[in-house]
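Here's the structure we're looking at; comments come further down.
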Amino acid sequence: MPEQAHGTAGSPTLEIRDFLRRRREQIAQRWADEPLFRAVFTVSRDEAVEAGKAVVDALAQVADAERVEDPDAAGFTAVREQLARMAAARSRAGLSSAQVSAELAALRPPVENLLLEDLPDAPAEQVRACAGTLGVLMGTLRVVVTQTALSEGQALIDRQRLQLLEVATPVIKLWDGVVAVPLIGTLDSARSQVVMETLLESIVEQQARFAILDITGVPTVDSLVAQHLMKTVAAARLMGAECIVSGIRPAIAQTMVHLGLDLGNVVTRASLADALGYVLHELGVGIVTPGAKGAVTR
Amino acid sequence: MHTAAGSQARLPIRSDMDLVWVRQHVRQAAAQIGFGLVDQTKLVTAASELARNTLIYGGGGTMETEPLTDGGARGLRLTFADEGPGIADLEQALSDGFTSGEGLGLGLGGARRLVHEFAIDSAPGAGTMVRVTSWVGRPPRPREES
Ligand SMILES: Nc1ncnc2c1ncn2[C@@H]1O[C@H](COP(=O)(O)OP(=O)(O)O)[C@@H](O)[C@H]1O
Ligand SMILES: [Mg+2]
Numbered sequence: 001m002p003e004q005a006h007g008t009a010g011s012p013t014l015e016i017r018d019f020l021r022r023r024r025e026q027i028a029q030r031w032a033d034e035p036l037f038r039a040v041f042t043v044s045r046d047e048a049v050e051a052g053k054a055v056v057d058a059l060a061q062v063a064d065a066e067r068v069e070d071p072d073a074a075g076f077t078a079v080r081e082q083l084a085r086m087a088a089a090r091s092r093a094g095l096s097s098a099q100v101s102a103e104l105a106a107l108r109p110p111v112e113n114l115l116l117e118d119l120p121d122a123p124a125e126q127v128r129a130c131a132g133t134l135g136v137l138m139g140t141l142r143v144v145v146t147q148t149a150l151s152e153g154q155a156l157i158d159r160q161r162l163q164l165l166e167v168a169t170p171v172i173k174l175w176d177g178v179v180a181v182p183l184i185g186t187l188d189s190a191r192s193q194v195v196m197e198t199l200l201e202s203i204v205e206q207q208a209r210f211a212i213l214d215i216t217g218v219p220t221v222d223s224l225v226a227q228h229l230m231k232t233v234a235a236a237r238l239m240g241a242e243c244i245v246s247g248i249r250p251a252i253a254q255t256m257v258h259l260g261l262d263l264g265n266v267v268t269r270a271s272l273a274d275a276l277g278y279v280l281h282e283l284g285v286g287i288v289t290p291g292a293k294g295a296v297t298r
Numbered sequence: 001m002h003t004a005a006g007s008q009a010r011l012p013i014r015s016d017m018d019l020v021w022v023r024q025h026v027r028q029a030a031a032q033i034g035f036g037l038v039d040q041t042k043l044v045t046a047a048s049e050l051a052r053n054t055l056i057y058g059g060g061g062t063m064e065t066e067p068l069t070d071g072g073a074r075g076l077r078l079t080f081a082d083e084g085p086g087i088a089d090l091e092q093a094l095s096d097g098f099t100s101g102e103g104l105g106l107g108l109g110g111a112r113r114l115v116h117e118f119a120i121d122s123a124p125g126a127g128t129m130v131r132v133t134s135w136v137g138r139p140p141r142p143r144e145e146s
């Protein structure tokens, strides 16, 4: 590590590398006083300084590899997670991504000031080149944080989506031996799998003889959705339960005909109520309508 | 024939999630242009089939939507394009029940029946382009045409 204050014959990038290594402690100290670090590391200032040093080291490594413009540079790997946690902490505190970005941008001036202190006698040309390189490097750091925060966001969405898969497939016991699943939303392959498994489980559990799949809440029935429905019906049959598909809206029925979809020998009914009526009739259950003279079997 | 101003769009088809956007986008565009509920559903379903083919067989690609006007008539054109392996035997691919994967083999033929105009351009190694157009208020085309 060069000990002199400035003026090696290296390229601006290597100048910056040397500067970062030389001023590691001071940079980290100044960053520890900036809002981004102060707000995240509330317990101890030392922690903030340590975190700052890790970022300085990463930047130095990236400069060493002469990859100052590359957010995928290996040097960033070590601090990616730390940066993501910092950004996430700030957004949890209610900051917009633009505000987080501004806090990141605020890390640059203190470093730049230190750099200028180190180059008092250097030619203007060299000062400009070094400051320019530092600017690029700090810009790349911002890109890295944004990217990482975005992929964190994606991971969060994926997790929430998985949770939704689970809560969105309630199997309802309608009657002794009769279960129903109101399907809502997109029946993609992952969802269909969950629906099928949940339904089969409850058929076993409830010893159900009938299972009603209500698709009133499914916006599109294309050939894949139909295929999933038919697979579910076939599997339920193997478990000894008959499936009824209800809630096929007129527009969907017409579309299915054009598409060439045929649910085969699956019993279909217009509504969940009609499906339940059919099932109760099959079970030989009579329904007494209040106010009517006698028992009505639907 | 002119392209109506605005609402032209190009959507990526790279994941299952993109298929959801494709369907939503087509439904919105179709509703805006004035398609009724049944025709919206047909167009969305055709788009769902074609976009899934783009994803599964074409290895991903794009969908472009283009609102059209022709005299007083208004329509919507959807173009699905990928740079995948292409289709060697178009007639076979279009026939009901044929699948090289695990589908029902109804996507291409079904999509053709769901729209007014259907064009496909594909060759082995040259990717696949499927373009469909439907017009507001026009009756479904006769079955034998498909
Ligand atoms: N974009 C595409 N690229 C390559 N092959 C395709 C494409 N679209 C359709 N195909 C071929 O045409 C066949 C029929 O497609 P389709 O009618 O949608 O039925 P399925 O999707 O059930 O296989 C597919 O199995 C595939 O071999
Ligand atoms: Mg298909």
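Going down the list, the protein sequences come from chains A and B.
Numbering-wise (UniProt numbering), the first sequence opens with residue 1 and increments by one.
Numbering-wise (UniProt numbering), the second sequence opens with residue 1 and increments by one.
Glycine included, C-beta positions come from ideal geometry on N, C-alpha and C.
Since this is a predicted model, take the numbers as computed values, not measurements.
>> Given 8 Å as the limit, tell me if A/S91 has its C-beta closer than that to any heavy atom belonging to ligand 2.
In response: Within the first sequence, residue 91 of chain A is the residue found at index 91, counting from 1. A/S91 Cβ: outside cutoff for every heavy atom of ligand 2.
> Does A/A155 have its Cβ less than 9 Å from a Cβ in chain B?
Replying inline: Your numbering for residue 155 of chain A matches position 155 in the first sequence. So, not an interface residue.
>> Let me check understanding here. Comparing Cα to Cα, which of A/S97, A/E201, A/M239, A/V145 lies closest to A/D72?
In response: Within the first sequence, the letter at position 72 stands for residue 72 of chain A. When each option's Cα is compared against that of A/D72, the closest is A/V145.
>> Below 8 Å on C-beta distance, what does A/A235 contact in chain B?
In response: Position 235 of the first sequence holds residue 235 of chain A. Listed along chain B, no residue sits closer than 8 Å to A/A235 by beta-carbon distance, the nearest being about 16 Å off.
>> Below 8 Å, is the gap between the Cβ of A/S223 and the nearest heavy atom of ligand 2?
In response: Here residue 223 of chain A is taken as the residue at index 223 of the first sequence, counted from 1. A/S223: yes, Cβ under 8 Å from ligand 2.
>> Can you pull the chain B neighbours of A/T220, defined as C-beta to C-beta under 8 Å?
In response: Within the first sequence, residue 220 of chain A is the residue found at index 220, counting from 1. Simply R23, T41, V44, T45, S48.
>> With a threshold of 8 Å, are at least 3 pairs of Cβ atoms found where one atom belongs to the region 279-290 of chain A and the other to the region 61-78 of chain B?
In response: no
> If you compare alpha carbons, which of B/L68, B/I33, B/R138, B/R14 is closest to B/H116?
Replying inline: The residue given as residue 116 of chain B occupies position 116 in the second sequence. If we check each option's Cα against that of B/H116, B/R138 comes out closest.
> Nearest to B/E62 by alpha carbon, out of B/V130, B/P140, B/V44, B/R141?
Replying inline: On the second sequence, position 62 is the one that residue 62 of chain B refers to. In the sequence on display, residue 62 of chain B carries Thr and not Glu. The shortest C-alpha separation from B/T62 is found at B/V130.
> By the criterion of Cβ-Cβ separation under 8 Å, what are the contact partners of B/D96 in chain A?
Replying inline: Numbered from 1 along the second sequence, position 96 holds the residue referred to as residue 96 of chain B. Neighbours of B/D96 on chain A, chain order: G260.
> When you compare only the Cα positions, how much space is there between B/E145 and A/A235?
Replying inline: The count along the second sequence starts at 1 and reaches residue 145 of chain B at position 145. The count along the first sequence starts at 1 and reaches residue 235 of chain A at position 235. Its pLDDT being 46, under 50, B/E145 is placed unreliably in this model, and the value from its coordinates should be taken loosely. Each residue's alpha carbon lies about 38 Å from the other.
> Can you list, in chain order, the stretches of the beta strand (DSSP E) that have 3 or more residues and sit fully within the UniProt domain "Histidine kinase/HSP90-like ATPase" (39-133) of chain B?
Replying inline: 61-70, 73-82, 117-122
> For A/E81, which of helix, strand or coil comes out of DSSP?
Replying inline: Position 81 of the first sequence, counted from the first residue, corresponds to residue 81 of chain A. Here A/E81 sits in helix by DSSP.
>> Quick check on A/T255: does DSSP put it in helix, strand or coil?
In response: For the purposes of this step, residue 255 of chain A is taken as the residue at position 255 of the first sequence. Helix, per DSSP.
> Thinking C-alpha only, which one of A/R209, A/V225, A/E197 is nearest A/G185?
Replying inline: Taking the first sequence and counting its residues from 1, one reaches residue 185 of chain A at position 185. Closest option to A/G185, Cα to Cα, is A/V225.
> Using DSSP with H/G/I as helix, E/B as strand and the rest coil, what is A/A35?
Replying inline: Here the question's residue 35 of chain A lines up with position 35 in the first sequence. For clarity, residue 35 of chain A is Pro in the given sequence; the question names Ala instead. Residue state, collapsed to three classes: helix.
> Who are the near neighbours of B/W21 in its chain, counting only those whose CB is closer than 8 Å to its CB and skipping five residues on each side?
Replying inline: Mapped onto the second sequence, residue 21 of chain B falls at position 21. Answer for B/W21: L11, listed in chain order.
>> For the pair the region 60-78 of chain A and the region 106-120 of chain A, tell me if three or more CB-CB distances fall below 8 Å.
In response: no
> So B/V38 packs on B/L78, CB below 8 Å; how close in whole Å?
Replying inline: Here residue 38 of chain B is taken as the residue at index 38 of the second sequence, counted from 1. Here residue 78 of chain B is taken as the residue at index 78 of the second sequence, counted from 1. With 8 Å as the limit, B/V38 and B/L78 do not qualify as a contact, their Cβ atoms being about 17 Å apart.
> Any idea what DSSP makes of B/P139, helix, strand or coil?
Replying inline: Here residue 139 of chain B refers to the residue found at position 139 when the second sequence is read from its first residue. Three-state result, B/P139: coil.
>> For a contact defined as C-beta to C-beta under 7 Å, what are the partners of A/A251 on chain B?
In response: Within the first sequence, the letter at position 251 stands for residue 251 of chain A. Here the neighbours are L37, V38, T41.
> Is the beta carbon of A/E201 within less than 8 Å of some heavy atom of ligand 3?
Replying inline: The ligand content of the structure shown is limited to ligand 1 and ligand 2, which means ligand 3 is not among them.
> At a cut-off of 8 Å, is B/S48 close to ligand 1 when judged by its beta-carbon and the heavy atoms of the ligand?
Replying inline: As a working mapping, residue 48 of chain B is identified with position 48 in the second sequence. No - ligand 1 has no heavy atom lying nearer than 8 Å to the Cβ of B/S48.
> Where A/T133 and A/F19 are concerned, what is the direct C-alpha to C-alpha distance, given to the nearest angstrom?
Replying inline: Here residue 133 of chain A refers to the residue found at position 133 of the first sequence. Here residue 19 of chain A refers to the residue found at position 19 of the first sequence. If I take the Cα positions, the gap works out to 12 Å.
> At least one CB of chain A closer than 9 Å to the CB of B/P12: is that the case?
Replying inline: Translated into positions along the second sequence, residue 12 of chain B becomes position 12. Answer no: the Cβ-Cβ gap between B/P12 and chain A never drops below 9 Å.
>> Does any residue of chain B have a CB that is nearer than 9 Å to the CB of A/D188?
In response: On the first sequence, residue 188 of chain A is found 188 positions in, with the first residue counted as 1. True, the Cβ-Cβ gap to chain B drops below 9 Å.
> Is there a Cβ from chain A that is less than 9 Å from the Cβ of residue 185 of chain B?
Replying inline: There is no way to answer for residue 185 of chain B, as the model of chain B reaches only from 1 to 146.
>> If I follow the unbroken beta strand (DSSP E) through A/S246, where does it start and stop?
In response: For this step, residue 246 of chain A is matched to residue 246 along the first sequence. From DSSP, the beta strand (DSSP E) with A/S246 extends over 242-246.
> Where in the region 44-73 of chain A do unbroken runs of the alpha helix (DSSP H), each at least 4 residues long, occur, reported from the N-terminal end onward?
Replying inline: Listed in chain order, the alpha helix (DSSP H) elements of length 4 or more contained wholly in the region 44-73 of chain A are 45-64.
> Out of curiosity, what's the CA-to-CA distance linking B/G36 and B/W135?
Replying inline: Locating residue 36 of chain B in the second sequence gives position 36, where the first residue counts as 1. Locating residue 135 of chain B in the second sequence gives position 135, where the first residue counts as 1. One C-alpha to the other measures close to 11 Å.
> If you draw a straight line from the alpha carbon of B/M17 to that of A/A275, how long is it in whole angstroms?
Replying inline: Taking the second sequence and counting its residues from 1, one reaches residue 17 of chain B at position 17. Taking the first sequence and counting its residues from 1, one reaches residue 275 of chain A at position 275. In a straight line, the C-alpha of B/M17 is about 32 Å away from that of A/A275.
> Going by C-alpha distance, which of A/K53, A/R45, A/G10, A/S44 is nearest A/Q26?
Replying inline: The count along the first sequence starts at 1 and reaches residue 26 of chain A at position 26. The option with the nearest alpha carbon to A/Q26 is A/K53.
> Which residues in the same chain as B/L108 place their Cβ atom closer than 6 Å to its Cβ, once the five residues preceding and following it in sequence are excluded?
Replying inline: Residue 108 of chain B sits at position 108 when you count from the first residue of the second sequence. Excluding residues within five positions, the ones whose Cβ falls inside 6 Å are A93, L94.
>> Buried or exposed for B/D82, going by 16 or more other Cβ atoms inside 10 Å?
In response: As a working mapping, residue 82 of chain B is identified with position 82 in the second sequence. Looking at its Cβ environment, which holds 16 or more other Cβ atoms inside 10 Å, B/D82 is buried.
> Of all the CB atoms in chain B, is at least one closer than 9 Å to the CB of A/T216?
Replying inline: Here the question's residue 216 of chain A lines up with position 216 in the first sequence. Judged by the 9 Å Cβ criterion, A/T216 is not in contact with chain B.
>> Is it buried or exposed, A/I172, if we count other Cβ atoms within 10 angstroms and call 16 or more buried?
In response: Along the first sequence, read from residue 1 onward, the residue named residue 172 of chain A stands at position 172. The residue in question, A/I172, is exposed, as its Cβ has fewer than 16 Cβ neighbours within 10 Å.
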